[in-house]
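Under mature numbering (1 follows the signal peptide of the UniProt record, and there is no 0), residues -21 to -1, 1 to 284 are what the sequence shown spells out, in order.
Ideal Cβ placement from N, Cα and C applies to all residues, glycine included.
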Amino acid sequence: MNGYIKLLAAVLLFCTCYAIFQISDSSVPVSSSNDLYELIKSKQEDYYVKPEDAQIDPVWKKTPGMNGRKVNVVESYKKMKKDGKFNEDKLVFDQISPKVSLDDLEASPIYRGHPNKEMVSLLINVSWGAEYIPEMIETLSNHHVKANFFIDGAFAAKHKELVQMIEEEGHLIGSHGYNHKDFAKMSKAASLANLEKANGILSSLIDQDVEWFAPPSGSFTMAAVEAARDQNMHTILWTVDSIDWKNPTEEVFLHRITSKLHNGATILLHPTEVTATGLGELVTAIKENYKIGTLNELMSEERGG
């Protein structure tokens, strides 16, 4: 009988230990005996990146912040435990949000994304050139790229099908005001009325919120920026100008842009013949070094790695 009891006790002990092992294996125990886990934990500080708050730069004005990052020890361990050794490429990170975002800052124009973000954005201002838009949309679709179309309210009223086509392809639609007015010569009240009129037309045609305003010709005063803010819009300018409206050759068009690319660049385009024909080559050249995203992506605090 004593032998039977000892055997039963041994079986129960084995089952208990096996169950504990199974639970521990799935929950990754914090234990000094787990050398790999402790090694990953000890390296956390080496890979920690502090989040950066959004700020108003003296030159570049309102500038987005960027998430920090920290090692997720448990998930990193799960990816490495099969090999049983530390592998930097298998580290898993959690992003840390900054305390100050773009929306927390006072009214100010925006020119670029974060200078450490390897992404650029295409800003296409539309007050004319309807005949070139379908070709541009097709090219962007073929290259799996989303752009930003800033559409004049008067243009939108005349070309509803184009506006809806742009949205159906997943592009961001912003406001270019109404009737290509010079916002530098308008009071805040006049700017507000102009933006409200344009937004009313755009909102009747699309489902997305109009959150970005590109002043025609880049002409504005702080009154216009404040009027846009009162409409829950950010004012966007650019850092790279194609000057495509002057009908340059395709070679000149491409060089003007590719020679000035940088992290966080905003690239100004229009629906012109040279832009329509050269857009595919431009996108291919940009993609060699940068991602291309909408303004919502470029200005987000998400980091690439």
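Straight-line Cα distance separating residue j from residue i
| i | j | result |
| --- | --- | --- |
| T251 | F134 | 15 Å |
| E24 | R48 | 10 Å |
| V189 | F162 | 18 Å |
| Y269 | N242 | 8 Å |
| V79 | M278 | 13 Å |
| N158 | S238 | 33 Å |
| F(-1) | K61 | Low confidence applies to F(-1): its pLDDT is 38, below 50, so where it sits in the model is not reliable enough to give any reading. |
| A193 | P227 | 23 Å |
| T281 | Y16 | Looking at the sequence itself, residue 281 is Glu, so the reference to Thr does not match. Each residue's alpha carbon lies about 27 Å from the other. |
| G44 | V231 | 34 Å |
| P8 | P94 | For P8, the predicted model reports a pLDDT of 43, less than 50, meaning its position is unreliable and no value from the coordinates is stated. |
| L233 | Y56 | 47 Å |
| E146 | M212 | 18 Å |
| L240 | V219 | 7 Å |
| M201 | K64 | 57 Å |
| E267 | L261 | 10 Å |
| K58 | V28 | 21 Å |
| N127 | I185 | 14 Å |
| P37 | L18 | 43 Å |
| K20 | D83 | 34 Å |
| I2 | D14 | Here I2 scores only 34 on pLDDT, less than 50, and its place in the model is too uncertain to base an answer on. |
| S87 | W191 | 13 Å |
| S12 | E54 | Note that S12 scores 39 on pLDDT, short of 50, meaning its location in the model is unreliable; the coordinates nonetheless yield the value given after this. Each residue's Cα considered, the two are about 18 Å apart. |
| I246 | V52 | 40 Å |
Residue from the options whose Cα sits closest to the Cα of residue i
| i | options | result |
| --- | --- | --- |
| V124 | I265, V53, E281, S166 | I265 |
| K41 | Y90, N51, E148, A193 | Y90 |
| S100 | G108, E281, L84, A244 | A244 |
| A109 | N66, I222, I130 | I130 |
| D68 | P77, V50, D83 | V50 |
| Y26 | L216, L70, E85, D83 | L70 |
| I152 | A177, M165, P37 | A177 |
| S120 | E276, I271, K64 | I271 |
| P30 | D73, A202, H249, E276 | D73 |
| S198 | Q210, E276, K164, L258 | K164 |
| E229 | L258, I246, I35, E97 | L258 |
| G156 | R235, I236, L174, H150 | L174 |
| L81 | G92, A33, P88 | A33 |
| W39 | E54, I103, W217 | W217 |
| K160 | G132, L247, N275, H122 | G132 |
Run of the beta strand (DSSP E) containing residue i, from where it starts to where it stops
| i | result |
| --- | --- |
| V71 | V71 -> no beta strand (DSSP E), and no H or E assigned at all. |
| R91 | It is not in any beta strand (DSSP E) - R91 carries neither H nor E in the DSSP assignment. |
| D36 | 34 to 36 |
| T42 | 40 to 42 |
| S100 | 98 to 105 |
| I222 | No beta strand (DSSP E) holds I222; DSSP gives it neither H nor E. |
| L81 | No beta strand (DSSP E) contains L81, which DSSP labels as neither H nor E. |
| L247 | 245 to 248 |
N-terminal and C-terminal residue of the alpha helix (DSSP H) that residue i is part of
| i | result |
| --- | --- |
| F134 | 132 to 137 |
| R235 | 229 to 237 |
| I112 | 112 to 121 |
| Q23 | 23 to 26 |
| T256 | 252 to 266 |
| L277 | 274 to 277 |
| V52 | 52 to 59 |
Take every Cβ of the region 115 to 123, pair it with every Cβ of the region 253 to 265, and state whether three or more of those distances are shorter than 8 Å. Cβ pair count under 8 Å is three or more, so yes.
Hey, is the region 160 to 174 in contact with the region 205 to 219, meaning 3+ C-beta pairs nearer than 8 Å? yes
Examine the Cβ distances between the region 139 to 149 and the region 177 to 184 and report whether three or more of them are shorter than 8 Å. yes
Start-end ranges of the beta strand (DSSP E) lying completely within the region 126 to 208, minimum 3 residues: 127 to 130, 151 to 154
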